[in-house]
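This report refers to the structure that appears directly beneath it.
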Amino acid sequence: MSDQENLDAQDAQEKNEDEEKAPDTFDRATVEGLRSEAASWRTKLRTAEKQVEDLTSKVTKYEDANKSELEKLTNEKTRLEATVEEGKRLLEESAVSTAVKLAAAQADVIDVDAALALIDRSEISFSDGSVTGVEKALKKLLKDKPYLVKGEEKPVPPTPGAGGPPIEGKVNTLDKALLGLFQSAQRKE
């Protein structure tokens, strides 16, 4: 290496050492200039974002305006058909529910809501505004679950030895033992 190259290398090394030792400081004017420039860029960014949003909205409006009248009517028809189908489903559900509850009440069912929940709906049909098959399905339900029907309340016979009178003509063994004790006590007196 030449002397000149050695001197240049030493100068570069000293310069690097000086830069490492000295803290990065800027004068007030430079810092304020940088802050002002950053604020300017933020403002430009917000403006650009607003412009993108506005242009996106305009493109959407333009696409909607260019839809053919047929596409608009097709979309509206599809929406209305879905509304009609939902209305039909709700009407059928309501009609079947009402018919089952009415038939259950007429058949003296204790809990019409339980009958509605338990009835086999596959035997019930709804067409042209009328419900069919309710009576058949209800008869099957009441045959399978007779506890749903109100029955004549039969008095419960008293249980012998449970505080009630003994069954006519029959004296149980406890009663016999008590009677024997009573009679023997009377004889001793």
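Just so it is clear: in the sequence shown, position 88 is 705 by the numbering used here, and no numbers are missing.
Beta carbons are placed, not taken as given, at the ideal position from N, Cα and C, and that holds for glycine.
In or out: residue i buried (at least 16 other Cβ within 10 Å) or exposed?
| i | result |
| --- | --- |
| V648 | exposed |
| A734 | exposed |
| I736 | buried |
Does the Cβ-Cβ distance between residue i and residue j come in under 7 Å?
| i | j | result |
| --- | --- | --- |
| I741 | A754 | yes |
| L759 | V766 | yes |
| F743 | E709 | yes |
| A716 | V729 | no |
Relative to the alpha-carbon of residue i, which residue among the options has its alpha-carbon at the smallest distance?
| i | options | result |
| --- | --- | --- |
| T749 | A665, V713 and K762 | V713 |
| R738 | K756, Q723, K678 and E703 | K756 |
| L747 | D644, S711, T660 and A655 | Residue 747 is actually Ser in this sequence, not Leu. When only C-alpha atoms are compared, the closest one is S711. |
| K705 | A682, D745, R663 and I727 | D745 |
| P763 | Q800, E622, L796 and A724 | A724 |
Distance check for residue j and residue i, CA to CA, integer angstroms please.
| i | j | result |
| --- | --- | --- |
| T695 | E688 | 11 Å |
| V669 | T700 | 37 Å |
| R804 | A794 | 16 Å |
| E693 | E686 | 11 Å |
| R652 | K675 | 35 Å |
| A665 | K678 | 20 Å |
| L672 | R659 | 20 Å |
| K684 | K667 | 26 Å |
| D644 | K661 | 26 Å |
| A807 | A646 | The requested residue 807 does not occur in the structure, where the chain is confined to residues 618 to 806. |
| E654 | E680 | 39 Å |
| L563 | A682 | Residue 563 lies beyond the stretch modelled for the chain, which goes from 618 to 806, so this question has no answer here. |
| V726 | S801 | 57 Å |
| G650 | L690 | 59 Å |
| D761 | G768 | 15 Å |
| A703 | L719 | In the sequence as displayed, the identity of residue 703 is Glu instead of Ala. About 24 Å. |
Does residue i come out as helix, strand or coil in the three-state DSSP assignment?
| i | result |
| --- | --- |
| F799 | helix |
| T749 | strand |
| S653 | helix |
| S742 | strand |
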